[in-house]
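Remember, our numbering sits 495 above the position in the sequence shown when you count from 1.
Glycine is no exception: its CB is placed at the ideal position from the N, C-alpha and C atoms.
Read the structure below first, then the notes.
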Amino acid sequence: MTHDVLIIGSGAAGLTAALVLAEQARVLVLAKGALDAGSTAWAQGGIAAVLDEGDTFEDHVRDTMVAGGGLNRRETVEFVIEHAPQAIERLIELGVPFNVDPAVDGGLHLTREGGHSHRRIVHVNDATGWAVQEALLKAAHAHPNITMMPDMVAVDLITDRHRTAPTGERRVWGAYALNGQTGRVECFAAKATILATGGAGRTYLFSTAPRGATGDGIAMAWRAGCRISNMEFMQFHPTCLYNLEVKNFLITEAVRGEGGHLKLPPGVPGGGERFMPRFDPREELAPRDVVARAIDHEIKRLGLDYVHLDISHKDPEFVRGHFPNIYERLMGLGIDMTKQPIPVVPAQHYTCGGVLIDLTGRADLSGLYAVGECSESGLHGANRLASNSLLECFVFGDAAARDILARWDQFAPPPELRAWDESRVADSDEEVVIKQNWTELRRFMWNYVGIVRTTKRLERAAHRIKLLQGEVNEYYGNFRVTADLIELRNLLQTAELIVKAARARHESRGLHYNLDFPQTDPAARDTILVPKVR
Ligand code: FAD
Ligand code: SIN
496 MTHDVLIIGS GAAGLTAALV LAEQARVLVL AKGALDAGST AWAQGGIAAV LDEGDTFEDH
556 VRDTMVAGGG LNRRETVEFV IEHAPQAIER LIELGVPFNV DPAVDGGLHL TREGGHSHRR
616 IVHVNDATGW AVQEALLKAA HAHPNITMMP DMVAVDLITD RHRTAPTGER RVWGAYALNG
676 QTGRVECFAA KATILATGGA GRTYLFSTAP RGATGDGIAM AWRAGCRISN MEFMQFHPTC
736 LYNLEVKNFL ITEAVRGEGG HLKLPPGVPG GGERFMPRFD PREELAPRDV VARAIDHEIK
796 RLGLDYVHLD ISHKDPEFVR GHFPNIYERL MGLGIDMTKQ PIPVVPAQHY TCGGVLIDLT
856 GRADLSGLYA VGECSESGLH GANRLASNSL LECFVFGDAA ARDILARWDQ FAPPPELRAW
916 DESRVADSDE EVVIKQNWTE LRRFMWNYVG IVRTTKRLER AAHRIKLLQG EVNEYYGNFR
976 VTADLIELRN LLQTAELIVK AARARHESRG LHYNLDFPQT DPAARDTILV PKVR
């Protein structure tokens, strides 16, 4: 099947690009499950933008770089932040019903999150992502130039080596994808390809990210020959609900932004104490890496299962009004957040590293772009500032689409390509292997490559990844691919990149904290991994 542009991913980044491209090109969007199953629909807090009179671009840039441990590329930070008001304007045009502030005539309500020196987060109650995903999908469905195909799992990018007559060119021509309905792998050729596949949160046992966050785009780009950067910076959100049945429900940072306190639970020395003032003068509103490490420290020091997030001192109407979805969900679990504290633990939340791109979203191979959470644009540095991620999706989705349109004459139609070869594989007879390896990987990544790392733990993880990769690669070579097998192979690839990057960094900075290298070096440098196939 041939289209002008192939976009892999139907979240904020992919659909933003699709809507811009569709004005002049025929676009195909693939998603591996339902169209709204990515992280975008799960976003709670909102989108950061300088909209308040007292706020400035310089302040947003400074907050982003302070949170990012100085590793951010300033040019990217300025580019994204200066385009934020325009991105919000476009979302309003698409019908996103942002909350308004009755105190400011016609102005949007701005909430606050950790690391921000001003109120600057626009939001739709506490379910911003759902409203954004709905609006983008509605516009994409209505556009005659956009075709969306759910239940299509991209397996690998199509490169020169997949041509019937290879030329040695470093070029991408689309992707092979597994059709979930037929179980067959199909060839999707395109003049340009955009990866918008989201993050790799499911590399870890506990994550706020949805089931499909398995790092597919990062792994595909690496296998095709692209550089991947800063994978050691995995962000852990401080406040995921602790509940034995509901494992990945986020309690938005806006709860702390609106006055929630982190406390030790009763029954331990210092029970009921607000502990963040002991760790950082910014208290509960310090950047995420600081708050998550403080919670991890208290949990380990006192042998706790969780700490408490308490906003019950605020007016119940205020709490219900600001957090209606979280309130309802917690009530369903027997927790009334207007009267009692919420048990919380840190959990993996965001992948700061990814496919290395420039300001137009271009990756290393011609014809290939990467946008959103699967990319590393230089915006987040060593630790993402809250609510800068959706913003990056809108700004880079737009930038990549405009770059493709501006260079349209340079994109030749795809050449003759080889079909997917299944002649030497059989149906799998041991699905249990995949489940076992998936669980094992996520567990040791949590224990060895989590919030606090040591060189020995990283070495142990590297050793185990190698063993599992041997097993899974053999399996991949002999059996017909399934969605689970594709994801496990990508998770292992992503885990290898995370550990490789973490072992290469001999300092602690932002989200990467190694007890053997606690110091922060004077100069900040990226960890750029270069694949052998280049
Ligand atoms: P996603 O929205 O994750 O979409 C990925 C797409 O790629 C999906 O359509 C998926 O099906 C598709 N895909 C993946 N692999 C394949 C494959 N192999 N083949 C075909 N398709 C594939 N950020 C903020 O800025 N503000 C917030 O308030 C906020 N809250 C958050 C709350 C939660 C619980 C989580 C998990 C994240 C939150 N984030 C927030 C982060 C933000 O939501 C994500 O970074 C952002 O939505 C990523 O968008 P994306 O378009 O890059 O990817
Ligand atoms: C949250 O609402 O706490 C998540 C915000 C983000 O990840 O940027």
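Counting C-beta pairs closer than 8 Å gives three or more between the region 743–752 and the region 600–612, which meets the contact rule. When distances are taken from the beta-carbon of TYR845 to the heavy atoms of ligand 1, the shortest one is below 7 Å. Take GLY765, set aside five residues on each side of it, and the residues of its chain with a beta-carbon closer than 7 Å to its own are LEU759, in chain order.
With distances taken between CA atoms, PHE1012 lies nearest to GLU1002 out of TRP903, GLU1002, HIS756.
Where ASN674 is concerned, the enclosing beta strand (DSSP E) starts and stops at 667–674.
Excluding residues up to 5 positions away in sequence, LEU980, ARG984 lie with their Cβ nearer than 7 Å to the Cβ of TYR971 in the same chain. For GLN835, there is no enclosing alpha helix (DSSP H), as DSSP gives it neither H nor E. For MET826, there is no enclosing beta strand (DSSP E); the enclosing alpha helix (DSSP H) covers residues 819–827.
For HIS732, the shortest separation between its Cβ and any heavy atom of ligand 2 lies below 7 Å. Looking at the backbone, the Cα of ALA512 and that of ARG879 are separated by about 22 Å. Excluding five sequence positions before and after LEU566, the CB atoms of its chain that fall closer than 6 Å to its own CB belong to GLY876, ALA877, ALA1019, given in chain order. The alpha carbon of LEU900 has as its nearest neighbour, out of GLY506, ILE503, VAL522, GLY601, the alpha carbon of VAL522. Annotated three-state conformation of PHE552 is helix, per DSSP. Taking the C-beta atoms as reference points, LEU780 is found no nearer than 8 Å to ARG769. Residues whose Cβ lies closer than 5 Å to any heavy atom of ligand 2, listed in chain order: GLN539, GLY540, THR747, GLU748, ALA881, SER882. In this structure, PHE552 sits near GLU577, with a CB-CB distance shorter than 8 Å. For the options TYR671, TRP941, ALA695, the alpha carbon positioned closest to that of LEU992 is the one of ALA695. Looking at the backbone, the Cα of GLY590 and that of GLU629 are separated by about 9 Å. Within the DSSP secondary-structure output, HIS756 pairs in a beta bridge with ASP805.
For ASP655, the three-state secondary structure derived from DSSP is helix. ASP554 places its beta carbon 8 Å or farther from that of SER505. Distances between the C-beta of ILE503 and the heavy atoms of ligand 1 include at least one below 7 Å. For MET647, the shortest separation between its Cβ and any heavy atom of ligand 1 lies below 7 Å. With contacts defined by Cβ atoms closer than 8 Å, THR734 and LEU804 form a contacting pair.
Set against 7 Å, the gap from the CB of THR535 to the closest heavy atom of ligand 1 is smaller. Between ligand 1 and LEU745, a heavy atom-to-CB distance of less than 7 Å is present. Annotation for GLY848 indicates a beta carbon at 7 Å or more from all heavy atoms of ligand 1. Cα atoms of TYR1008 and MET771: separation of roughly 19 Å, rounded to the nearest angstrom. When C-beta atoms of the region 701–720 are compared with those of the region 912–925, fewer than three pairs fall below 8 Å, so the two segments do not count as touching.
Each of ARG569, THR654, THR949, GLY827 was checked against the Cα of PRO909, and the nearest Cα belongs to THR654. Note that the region 631–642 does not touch the region 821–841; fewer than 3 beta-carbon pairs, one per stretch, sit closer than 8 Å.
For the options LYS834, ILE502, TYR737, SER870, the alpha carbon positioned closest to that of ILE689 is the one of ILE502.
Relative to ligand 1, ASP711 has its C-beta within less than 7 Å of a heavy atom.
GLY849 is bridged by DSSP to SER724. Short note on THR692: C-beta closer than 7 Å to some heavy atom of ligand 1. Taking the C-beta atoms as reference points, PRO580 is found no nearer than 8 Å to VAL619.
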